[in-house]
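One structure is given below, encoded as structure tokens.
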Amino acid sequence: MNAFHHIKFRRILVLTLIALLGLLTEAESASTIAVQDSLGNRIELTHPPQRIVCLVPSASEILTAIGAEDQLAGATYHDLTLKGADNRGLIGGFFNPSLPHIKRLDPDLIIASPLHQKRLQEAALDEIPVFFYETGRLDDAWTLMTAMGKISGHQDEAAALVKKNKDELAHIRAKLAKAGVTPKRAIRLMGRDSIMTPGNDSFQNDMIRAAGGIAPNFVAPGKIVTVTQAQWMAFDPELIYGCGPDKAAAEQFFSRPGWKDVSAIKTHQIYYLPCELTCRASARVSGVVAYLSSMMYPNEFGDEKNFVHPVSQISQRPLDLATLKGESKAPVVLPDYVKSATMVHSHIFDFQNKTLVIDLKPPMTVVSTLEGQRDNITTVGNHYSPPPTWLPGHSRGIEDIRRAVLRAIGREKDHTAFLMTGADMDDLCVNTFSFKEMQVTALVTAGVVSNAMRMGEDTGLWYEPGTINILILTNMKLSARAMTRAIITATEAKSAALQDLDIRSAYTGKTNLATGTGTDNILVVQGTGPPIDNTGGHSKMGELIAKAVNAGVRSAIKRQNGLVSRRHVFQRLEDRNISVYQLVSGAQCDCQGANNAMSAMVEQLLLSSEYSGFLQAALSLSDAWERGQISDLTSFDLWCGQVAAKIAGQDCVRVKALITDDTVPLVIRKALDAIMTGARIRMGDTIDEYSEKK
1 MNAFHHIKFR RILVLTLIAL LGLLTEAESA STIAVQDSLG NRIELTHPPQ
51 RIVCLVPSAS EILTAIGAED QLAGATYHDL TLKGADNRGL IGGFFNPSLP
101 HIKRLDPDLI IASPLHQKRL QEAALDEIPV FFYETGRLDD AWTLMTAMGK
151 ISGHQDEAAA LVKKNKDELA HIRAKLAKAG VTPKRAIRLM GRDSIMTPGN
201 DSFQNDMIRA AGGIAPNFVA PGKIVTVTQA QWMAFDPELI YGCGPDKAAA
251 EQFFSRPGWK DVSAIKTHQI YYLPCELTCR ASARVSGVVA YLSSMMYPNE
301 FGDEKNFVHP VSQISQRPLD LATLKGESKA PVVLPDYVKS ATMVHSHIFD
351 FQNKTLVIDL KPPMTVVSTL EGQRDNITTV GNHYSPPPTW LPGHSRGIED
401 IRRAVLRAIG REKDHTAFLM TGADMDDLCV NTFSFKEMQV TALVTAGVVS
451 NAMRMGEDTG LWYEPGTINI LILTNMKLSA RAMTRAIITA TEAKSAALQD
501 LDIRSAYTGK TNLATGTGTD NILVVQGTGP PIDNTGGHSK MGELIAKAVN
551 AGVRSAIKRQ NGLVSRRHVF QRLEDRNISV YQLVSGAQCD CQGANNAMSA
601 MVEQLLLSSE YSGFLQAALS LSDAWERGQI SDLTSFDLWC GQVAAKIAGQ
651 DCVRVKALIT DDTVPLVIRK ALDAIMTGAR IRMGDTIDEY SEKK
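Residue 263 in this note's numbering sits at position 263 of the sequence shown; the count goes up by one each step and never skips.
See the structure below:
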């Protein structure tokens, strides 16, 4: 090779290498994940993180909704009912996340609120990327959903979630326009010792506007502002809504002159929703807006001339029994007399309803706690109505609802027996239990968060669709006696499942377990095959019914509400309407930040298995004490003293009564007093006032 060709070859080689390097750089750039957080920071990641620790419940909910739950390594105790929570690290509460627990989870991304910025900087977590997440306005939710999808590698799922929410909001706008509603004044109630509400530029007020309401325009910008009596009366709200803790403000102010003299109080238009719905603009925000709109305009929503979608079937598909299987080890089997089992989606009252439809080959008798005995039935099932249809449905009556369901699924009233529920049919659970040739299948939906009751203790106030619904199918022919006795067996099994899960009454949960919800129903199909006359507890058929129902209720509650028997003490306290954060910090609700070192210390202690176990034992002891099964707490008082002393690092400590809320049961109060006493001494309180008297 001569010199000229050698130089030419080298030049080509160099140019080729440069081109390759450029392509590599371009490919690397294309694979980089770049997003902007709520503070305007640019976050760059080389790959989707696999160990996300999320301090913001809204973001955790979105990650779970788009299928990224396995990438969520740690979350707050506000997220204990999300899918996968039982295998996820716990890092404390939103206002007091534990930095040691965060570090222990070895995160490759932290999602935090701007409220956490200073604390994270002080913790020297510079090597871990942080995405600061804040929903100021409703439109921010779409940006943040998109960002969560891009970060986690679930862009398509995030885009679908955004579309679903925007489509539902567009549907609400169309529905309101067709009805020609006169906008109503609505306010989000907050506070305890004063009446408060979100600021004018908040996503909560955006939600009121999206629901077709008039939000307060007198309030200043900000997350939470105080409302004066003059402002309250001038605005004259026609609808008031809040979450559970906000009832304290209502109880204190709504009987006072001036405060009580507004339209919403006069017409009893006051509603309380779960805090995770009222305090977040997250994955379900459009559903909350739709529900809020239906509360404002129930008559307009229930009037068929205002329907955007006529009553009609959208789709139907065969039941996928494998995905619906619950706790039973055996495969799910439907009896031979079942012709088909499908899930039907339909438009009823202008929203998507879901109906489990089971067609039977021969007509047969059924016994239903909703309708009594029905003969010549060829179709049984369970119908789910979504929240925006509840109040409109009430205004029209159950017979009108039943007619709409039959019309949508194309069945005849005389040959169809259905149950009705507010528990989502997507969370249906099916179990089969067998013994020799005998077989029982139970199809169960269950929701227990807002309607669980203890019969004999709680007051019945109103009717709404059933919350635990059970369909029982056997491969035997049950006599009339056997069908009615099966209802008792199934009810006992249901109540046992609720006790095993420590499901609390929604009304008196501090002291009472739930035995069911206020609107449970059971439907037993007669069946075909060898005759059976006994389904009681001593019979094999009764045993199989009980096992199938018990397993179904447990699994359905886990799917619908995320509650399991071994849930963390933070969740078990919340089930009792007890907030450690509020008790210790003095905050008026869990959405209101209160910078309180004591609450941070107590929450940190309860992340320890030793002290959470102590408090869990106290919860069980409390139930026994309240039932009168225990008459002496001397040994427990000694244990409380030992716990307080160990936390304080002292030999002997006298537990001081620090919890002043008398609604907290005595035993639980003693346990929390012990933990708080030890924490206060550890934080520097003088030991003298806590010294054990000799």
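Where a beta carbon is used, it is the ideal one built from N, C-alpha and C, also for glycine.
Where R88 falls, given that 16 or more other Cβ within 10 Å makes a residue buried: With 16 or more other Cβ atoms within 10 Å, it is buried.
Three-state class that DSSP yields for Y241 in the structure shown: strand
Bridge partner(s) assigned by DSSP for S434: Q439
From I314, R119 and G153, residue whose alpha carbon lies closest to that of E69: Check the Cα spacing between E69 and each of I314, R119 and G153: the tightest is with G153.
Coil, strand or helix - M683 by DSSP: coil
I187 vs V289 beta-carbon contact at 9 Å: no
Exposure label - T364; buried when at least 16 CB within 10 Å: The question names Thr, but residue 364 in the sequence shown is Met. Under this definition M364 is a buried residue.
Contacts around A707, its chain only, beta-carbon distance under 8 Å, and the 5 residues preceding and following it disregarded: Nothing can be reported for residue 707, as the shown portion of the chain is limited to 1 through 694.
Test item: CB-CB of N534 and R481 under 9 Å: yes
Inter-residue Cα distance where the pair is Q698 and T634: There is simply no residue 698 to check, as the chain begins at 1 and stops at 694 in what is shown.
Within 9 Å, strictly: CB atoms of M207 and T197: no
Distance between beta carbons of D427 and A556, contact taken as under 8 Å: 6 Å
Secondary structure of G678, DSSP reduced to three states: helix
Beta-carbon proximity list for S495, same chain, < 7 Å, skipping 5 on both sides: T515 and G516
Whole runs of the alpha helix (DSSP H) within the segment 547-603, excluding any shorter than 4 residues: 569-575 and 580-585
Contacting residues, own chain, Cβ-Cβ under 7 Å from A123 (five flanking each side not counted): L99
Cβ neighbour criterion (16 or more within 10 Å) applied to S294: S294 is buried by the Cβ-count criterion.
Spatial distance of L239 from P216 (CA atoms): 12 Å
7 Å Cβ shell around A624 - same chain, five flanking residues per side excluded: I630
F636 - containing alpha helix (DSSP H), residue span: Its alpha helix (DSSP H) spans residues T634 to A648.
Inter-residue Cα distance where the pair is M683 and K656: 15 Å
Outcome for E276 when other beta-carbon atoms lying within 10 angstroms are tallied against a minimum of 16: buried
Inter-residue spacing [alpha-carbon to alpha-carbon] between R485 and L498: 20 Å
T260 classed as buried or exposed, judged by whether at least 16 other C-beta atoms fall within 10 angstroms: Going by the sequence as given, residue 260 is Lys instead of Thr. So K260 counts as exposed.
Residue from A250, S58, A211 and T46 with nearest C-alpha to I151: T46
Within 9 Å, strictly: CB atoms of G213 and R185: yes
Closest by C-alpha distance to F95, when choosing among H309, V584, G628 and F435: Ranking the options by Cα distance to F95, first place goes to V584.
Residues bridged to P97 (per DSSP): DSSP output for P97 lists G92 as bridge partner(s).
Own chain partners of R137 with C-beta closer than 6 Å, once the 5 adjacent residues on each side are dropped: F203 and D206
DSSP bridge partner residues for C429 (one or two, in chain order): Per DSSP, the beta bridge partners of C429 are V444.
Residues of its chain near Q231, where Cβ-Cβ distance is below 7 Å and the 5 sequence neighbours each way are ignored: Within its own chain, the residues whose Cβ lies closer than 7 Å to the Cβ of Q231, once the five positions on either side in sequence are excluded, are F218, listed in chain order.
Contact under 9 Å by Cβ, T432 with A546: no
Contact between the segment 371-378 and the segment 409-419 (3+ Cβ pairs under 8 Å): yes
Residues that DSSP places opposite I532 in a beta bridge: Residue pairing by DSSP places I532 opposite L478 in a beta bridge.
Per-residue DSSP class, three states only, for D502: coil
Environment of M233 [buried if 16+ CB atoms lie within 10 Å]: exposed
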